Amino acid sequence: MKRAFFAILQRDLQIAFRRVSEIANPLLFFIIVASLFPLAVSPDSEHLRGIGGGVLWVVALLSSLLALEGLFRADAEDGSLEQLMLSPVPLGVAVLAKVTAHWLVTIVPLVLLTPVLALSFALPVGVLPVMAFALLLATPTLSVLVALGAALTLGLRRGGAIVGLLVLPLTAPLLIFGTRAIDLGVYGESVAAPLYLLAALAALAVSLGPVAIAAALRVGVE
Amino acid sequence: MKRAFFAILQRDLQIAFRRVSEIANPLLFFIIVASLFPLAVSPDSEHLRGIGGGVLWVVALLSSLLALEGLFRADAEDGSLEQLMLSPVPLGVAVLAKVTAHWLVTIVPLVLLTPVLALSFALPVGVLPVMAFALLLATPTLSVLVALGAALTLGLRRGGAIVGLLVLPLTAPLLIFGTRAIDLGVYGESVAAPLYLLAALAALAVSLGPVAIAAALRVGVE
Amino acid sequence: MKLPRWFHLFGSPPFVYRLAGALIPWLGGIACTLLIVGAYWSLVVVPPDAVQGEVYRILYIHPQTAYVSMMAYVVMAVTAGIGYIWRIKLAHAVAVSAAPIGASFTACALVSGSLWGRPTWGTYWEWGDPRIMFETLLLFLFLSYLALRAAFEDRDKADRVSAILAVVGVVNVPIIHYSVLWWNTLHQGPTISKLDSPSMATEFLIPFLIMMAGFTFCFYWLLLSRLRAEIVERERDTRWLQDALQGGRA
Amino acid sequence: MTNEGRGLRAEDVAIWRGDRCLFESLNFELRPGQLALLVGPNGAGKTSLLRVLAGLASPTVGRVSWQGTAVDALPPELRGAIAYRGHLDGLKKDLTVAENLHFFAAIWGGTADLSLLVELKLEAQAHTRARHLSAGQRRRAALVSLRVAASPVWILDEPMTNLDAEGRAIVMRWLTEHLASGGCAIVATHQPKDFERPGALVIEL
Amino acid sequence: MTNEGRGLRAEDVAIWRGDRCLFESLNFELRPGQLALLVGPNGAGKTSLLRVLAGLASPTVGRVSWQGTAVDALPPELRGAIAYRGHLDGLKKDLTVAENLHFFAAIWGGTADLSLLVELKLEAQAHTRARHLSAGQRRRAALVSLRVAASPVWILDEPMTNLDAEGRAIVMRWLTEHLASGGCAIVATHQPKDFERPGALVIEL
Ligand code: HEM
Ligand SMILES: Nc1ncnc2c1ncn2[C@@H]1O[C@H](COP(=O)(O)OP(=O)(O)OP(=O)(O)O)[C@@H](O)[C@H]1O
Ligand SMILES: Nc1ncnc2c1ncn2[C@@H]1O[C@H](COP(=O)(O)OP(=O)(O)OP(=O)(O)O)[C@@H](O)[C@H]1O
Ligand SMILES: [Mg+2]
Ligand SMILES: [Mg+2]
Numbered sequence: 008m009k010r011a012f013f014a015i016l017q018r019d020l021q022i023a024f025r026r027v028s029e030i031a032n033p034l035l036f037f038i039i040v041a042s043l044f045p046l047a048v049s050p051d052s053e054h055l056r057g058i059g060g061g062v063l064w065v066v067a068l069l070s071s072l073l074a075l076e077g078l079f080r081a082d083a084e085d086g087s088l089e090q091l092m093l094s095p096v097p098l099g100v101a102v103l104a105k106v107t108a109h110w111l112v113t114i115v116p117l118v119l120l121t122p123v124l125a126l127s128f129a130l131p132v133g134v135l136p137v138m139a140f141a142l143l144l145a146t147p148t149l150s151v152l153v154a155l156g157a158a159l160t161l162g163l164r165r166g167g168a169i170v171g172l173l174v175l176p177l178t179a180p181l182l183i184f185g186t187r188a189i190d191l192g193v194y195g196e197s198v199a200a201p202l203y204l205l206a207a208l209a210a211l212a213v214s215l216g217p218v219a220i221a222a223a224l225r226v227g228v229e
Numbered sequence: 008m009k010r011a012f013f014a015i016l017q018r019d020l021q022i023a024f025r026r027v028s029e030i031a032n033p034l035l036f037f038i039i040v041a042s043l044f045p046l047a048v049s050p051d052s053e054h055l056r057g058i059g060g061g062v063l064w065v066v067a068l069l070s071s072l073l074a075l076e077g078l079f080r081a082d083a084e085d086g087s088l089e090q091l092m093l094s095p096v097p098l099g100v101a102v103l104a105k106v107t108a109h110w111l112v113t114i115v116p117l118v119l120l121t122p123v124l125a126l127s128f129a130l131p132v133g134v135l136p137v138m139a140f141a142l143l144l145a146t147p148t149l150s151v152l153v154a155l156g157a158a159l160t161l162g163l164r165r166g167g168a169i170v171g172l173l174v175l176p177l178t179a180p181l182l183i184f185g186t187r188a189i190d191l192g193v194y195g196e197s198v199a200a201p202l203y204l205l206a207a208l209a210a211l212a213v214s215l216g217p218v219a220i221a222a223a224l225r226v227g228v229e
Numbered sequence: 100m101k102l103p104r105w106f107h108l109f110g111s112p113p114f115v116y117r118l119a120g121a122l123i124p125w126l127g128g129i130a131c132t133l134l135i136v137g138a139y140w141s142l143v144v145v146p147p148d149a150v151q152g153e154v155y156r157i158l159y160i161h162p163q164t165a166y167v168s169m170m171a172y173v174v175m176a177v178t179a180g181i182g183y184i185w186r187i188k189l190a191h192a193v194a195v196s197a198a199p200i201g202a203s204f205t206a207c208a209l210v211s212g213s214l215w216g217r218p219t220w221g222t223y224w225e226w227g228d229p230r231i232m233f234e235t236l237l238l239f240l241f242l243s244y245l246a247l248r249a250a251f252e253d254r255d256k257a258d259r260v261s262a263i264l265a266v267v268g269v270v271n272v273p274i275i276h277y278s279v280l281w282w283n284t285l286h287q288g289p290t291i292s293k294l295d296s297p298s299m300a301t302e303f304l305i306p307f308l309i310m311m312a313g314f315t316f317c318f319y320w321l322l323l324s325r326l327r328a329e330i331v332e333r334e335r336d337t338r339w340l341q342d343a344l345q346g347g348r349a
Numbered sequence: 002m003t004n005e006g007r008g009l010r011a012e013d014v015a016i017w018r019g020d021r022c023l024f025e026s027l028n029f030e031l032r033p034g035q036l037a038l039l040v041g042p043n044g045a046g047k048t049s050l051l052r053v054l055a056g057l058a059s060p061t062v063g064r065v066s067w068q069g070t071a072v073d074a075l076p077p078e079l080r081g082a083i084a085y086r087g088h089l090d091g092l093k094k095d096l097t098v099a100e101n102l103h104f105f106a107a108i109w110g111g112t113a114d115l116s117l118l119v120e121l122k123l124e125a126q127a128h129t130r131a132r133h134l135s136a137g138q139r140r141r142a143a144l145v146s147l148r149v150a151a152s153p154v155w156i157l158d159e160p161m162t163n164l165d166a167e168g169r170a171i172v173m174r175w176l177t178e179h180l181a182s183g184g185c186a187i188v189a190t191h192q193p194k195d196f197e198r199p200g201a202l203v204i205e206l
Numbered sequence: 002m003t004n005e006g007r008g009l010r011a012e013d014v015a016i017w018r019g020d021r022c023l024f025e026s027l028n029f030e031l032r033p034g035q036l037a038l039l040v041g042p043n044g045a046g047k048t049s050l051l052r053v054l055a056g057l058a059s060p061t062v063g064r065v066s067w068q069g070t071a072v073d074a075l076p077p078e079l080r081g082a083i084a085y086r087g088h089l090d091g092l093k094k095d096l097t098v099a100e101n102l103h104f105f106a107a108i109w110g111g112t113a114d115l116s117l118l119v120e121l122k123l124e125a126q127a128h129t130r131a132r133h134l135s136a137g138q139r140r141r142a143a144l145v146s147l148r149v150a151a152s153p154v155w156i157l158d159e160p161m162t163n164l165d166a167e168g169r170a171i172v173m174r175w176l177t178e179h180l181a182s183g184g185c186a187i188v189a190t191h192q193p194k195d196f197e198r199p200g201a202l203v204i205e206l
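Chains as they are written, first to last, in the numbering used here: chain D, 8 to 229; chain S, 8 to 229; chain H, 100 to 349; chain B, 2 to 206; chain V, 2 to 206.
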């Protein structure tokens, strides 16, 4: 089972790296947004500092959603999803591996780029660890939610819009607590409360999410 | 040729409406981003007014880019692109129809939603026409650039990243002039200069773009 | 797993259809009586509040609708879960019937809370407040449950996919309930729920509880009425239903 | 009757699509070592039935079981007992043939035996992306998973598609070996002659 | 020699893929009314050759012409002269069969003749999305474009794939009519017996 988990993880990462655009697009998008905002907005640093957190979260959300449609659809269309379902690997494990890969590909680059963001938004350097930490805690939940949305709508051709409707409201708490953590960090206050909350949500999502996603996939491939 | 143009346009719109997510996702992004920023950022209206233009452009860019990968890939993978190439319809015309459909699907809803944006960013109502106009002028260029990127990626499996690198910087002038038009509008100054510029770029893109895209596609399907 | 006989009985549309038909008048009668009595009591009999004046009377609408909205979600999630696991179509029918009612109660709770917030907290809406946020999420969950169903052409598939969403969303309910304890919020802490030492005078408590019971009965009344309609919709091609409808008319 | 319900068994199966009933009251049992051929015109419901047999979809009516348990709820020790090769390849197009093989092995818990590629005449393509294979080479590469998985039940949907004479011979050889070693198989085909074999059950839809 | 260079003509064609030469020095000419069968094992390069003949790809070496002009640069009056049906369907999965047919008609400038669907036994599926068709029904629906386009050159890559006996008979009937009316065709297949016909050119790769 461990072997299968890592095999799926490795496969998805390999594929992502072969189609470099999948990795590079969110990153480029991030850089563009990060460098554009200070241009568009008045470059006064007091002003910028206030919006840095918001921009970070919106971008993280958007880059996760970018890959949303594709997360299971590619596997469904080339038949590898049905093979996975028939294999001895529990589907929940396979889902966890796929979501982990998606997370590694979309989020880790963002975390690595936070210093760039901090620079362009004139954030105090001290807030960087908070930012990175908040991202690392909030984004697993985000990835699970996105995957759930993708799985629920896999069987659907007509109403994919619901993905957005399903997932986006569910992400609101993440964004609100995440932003609050960063804002507290910027003004030097204690960030523990929102971070605990994000961690609790992540634990919940990672433990229950894959089962629900697997169930939705089974209905979806019929 | 006119018949073929409208047939392709109609087909692409039909497909987009069948998979509503293609239409609804950009819209939902837009709404979320527009409603989230004021949450994340201090809700002081003087402050918000400054970033409204930037947010609008980033979202327009993003919603165009969302469809980037899919624009020609779906047609390439189901074989309808090669059928189109063999048909009597000049490929440039087919490309123009596809890009027009993409534009109608991603941008028109954005334009219709600008009032929502104006509301959440406390923009003066008078700036709405400028915003809509700037969007309408800048986005055809954006769509053509995105389509060019998509066509180039089609051939390059490995070098997709380069496409992002090519296309995204090309969009920077659009973003800068577009933002400037809105900012000038917000502060009640004359917006003619940046708008003329955007119009000129659009004329250039729409006349030369399809030919270049068609050439890239021919190489892509080999 | 071996299921008891009554389980199958409740899985049989004709039985439930008839049972619901028999219960609806009773539930309706009780709900109306309680709501009328409760409304009179809470609006006329009890005196205005010392601090808030008349505004506090939202106390007799807001907590009740909020509570029923959460109960409605639990009913929906549990029945959807039963339907998914044991493949009982009727359970899905109950879940579908509960969703729009629950959504309406949620909307009432949000509106009444928001109206109450203006005089007490000085704002209609405060995003940062967890209870407000998660209650809003509840509304979205109801709506996306309905939207997801609507997107499927095949009812069986719609049942099973939407059930997963309903079950996943149930984690939101305890979060709503405990949010006031977990975080310091604007929102009121538990007032009534700690019944052993109620922090409300009996005078206010009685109409409060009457309204609570009234709205609860009202929910089940609406639920069974919708369920009957849903059964008719789902079973319209079956003999027993046609017989039942004919019989009713004759 | 000790063998009753030991094989792959369909009881009273019916499948509806849209408002049409594709077929109903289908009953059969596939015993170890037995081959069933599924024939019928285009759109008869062969693929739909095979997916139900594999547990990938549920029948509208009826029940399908393997060794007495429903195929869509196999207990852990029986998971992987059914191998299905449908119209889709199940290959990742951006991975090479060898990488796909290794992936199958990791998933099915076998070893990636590169000599399989030699048998399929794919050794020259081991490091070619599946995307660049010819149609027949892709079908061959997909067949590899049957050997890696070593499942007792094979469900094959038009396995000869795109294969040349040599490819078809390989499929027949593997199938014969599989049956001889006690496996059972059900094969949908438009050319039942390809599979002629004494004792084969023919199911017509 | 007035007819010289009037048909579909391959001169000294070679195709390389990766570092391998699939074939070289291929020369032939297909005259009006003539059928060519392209045979060879999996991966021999049949599909690659057909795509070159259709003008969708360029040969590594050599030249392919139709009526004397290179196929990948046909002048406007000759565009649409070549119809190609490959391994892919060219159907939009989210459109119904009838919508796909209308689209073909609009693109090829013909009329959408719904009786074609009757001939293909697809009339019941006219308003079904292509996504929900069976594999064989999808191939049938794709064949429709051959009739709508009415091109003089048909390039068919394993056209019998997934078709039942009746579907194969339809393909043969259409092919015969096409040849009789002065069209020419080149067909890649692994079962040349399906197409046996006196005077057919056989190209082995
Ligand atoms: C939009 C704003 C509001 C929302 C979404 C909201 C939501 C809720 C919810 C979901 C409950 C039920 C909790 C449970 O049963 O566990 C509740 C109960 C209650 N709410 Fe609100 N509320 C809002 C505003 C207010 C305001 C402004 C007040 C008064 C100052 C208030 C007073 C109460 C009281 C007294 C209860 C009963 C608490 C108990 O007995 O446990 N709410 N509210
Ligand atoms: N959603 C739907 N609405 C209407 N008809 C449907 C739908 N889904 C499937 N069908 C029909 O159900 C049948 C499915 O057949 P299936 O794919 O099982 O056929 P098959 O026997 O495998 O055919 P082939 O030999 O062509 O592969 C087809 O006739 C198809 O048109
Ligand atoms: N990029 C590449 N690198 C290496 N080999 C390649 C590449 N692209 C194609 N090939 C090889 O070129 C050949 C292409 O063959 P083609 O698809 O034309 O075969 P075919 O004769 O149509 O076979 P089939 O009967 O299986 O359809 C295959 O052997 C394939 O492995
Ligand atoms: Mg089939
Ligand atoms: Mg081929």
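Even for Gly, the Cβ is constructed at its ideal location relative to N, Cα and C. The structure presented is a predicted model; accordingly, all values stated were derived computationally and were not measured.
Sequence-distant residues of its chain with Cβ nearer than 8 Å to A131 (chain V) (five each side left out) = D90, L92, K93, K94, D95, L96, T97, V98, N101, R139 and A142
task = Using a Cβ-Cβ cut-off of less than 8 Å, list which residues of the stretch 169 to 189 of chain D approach chain H; keep chain order.
result = I169, L172, L173, P176, L177, A179, P180, I183 and R187
key: Option in D:L144, D:L182, D:L163 and D:L135 with minimal Cα separation from V193 (chain D)   = Comparing C-alpha distances from V193 (chain D) to each of D:L144, D:L182, D:L163 and D:L135 shows the shortest one belongs to D:L135.
key: chain S within 8 Å of S135 (chain V), Cβ atoms only   = no
key: Proximity of L182 (chain D) and L264 (chain H) at Cβ, strictly below 8 Å   = no
task = Along the beta strand (DSSP E) that carries G63 (chain V), what are the first and last residues, could you check?
result = V62 to W67
Alpha-carbon to alpha-carbon, L126 (chain H) and T164 (chain H) = Using only the alpha carbons, I get a separation of about 18 Å.
query = With distances taken between CB atoms, is the gap from L157 (chain V) to G137 (chain V) smaller than 8 Å?
reply = no
inquiry  = What does the alpha-carbon distance come out to for the pair L161 (chain D) and L98 (chain D)?
reply    = Between L161 (chain D) and L98 (chain D), the C-alpha separation is close to 15 Å.
query = How many Å lie between G216 (chain D) and E197 (chain B) at the Cα?
reply = 48 Å
DSSP three-state assignment for I129 (chain H), whether helix, strand or coil = helix
message = Using a Cβ-Cβ cutoff of less than 7 Å, which residues in the same chain neighbour V198 (chain S) once the five nearest sequence positions on both sides are dropped?
response = If we look at V198 (chain S) and ignore the five residues flanking it on each side, its Cβ neighbours are V137, A188, L191 and G192.
request  = Would you mind stating whether L31 (chain V) and L50 (chain V) have Cβ atoms separated by less than 8 Å?
outcome  = no
task = Mind listing the chain S neighbours of S146 (chain V)? Cutoff is C-beta to C-beta under 8 Å, in chain order.
result = Q90
key: Spatial distance of Y374 (chain H) from F241 (chain H) (CA atoms)   = Residue 374 (chain H) lies beyond the stretch modelled for chain H, which goes from 100 to 349, so this question has no answer here.
key: Per-residue contacts from L202 (chain D) into chain H (C-beta, under 7 Å)   = Per Cβ cutoff of 7 Å: no residues; L202 (chain D) is ~13 Å from chain H at best.
request  = Look up W224 (chain H) in the DSSP assignment and say whether it is helix, strand or coil.
outcome  = coil
key: Helix, strand or coil at N28 (chain V) according to DSSP, with G and I counted as helix   = strand
ask   = Taking Cβ to Cβ, would you say A104 (chain D) is nearer than 8 Å to L16 (chain D)?
value = Yes, they are a contact pair.
key: DSSP-derived helix/strand/coil call for P199 (chain B)   = Looking at P199 (chain B) - three-state DSSP - the assignment turns out to be coil, as it is neither helix nor strand.
ask   = Could you give the residue range of the beta strand (DSSP E) that holds Y85 (chain V)?
value = I83 to R86
Contacts of G162 (chain D) in chain H (Cβ-Cβ under 9 Å) = Within 9 Å Cβ-Cβ: F251, D253, K256 and V260.
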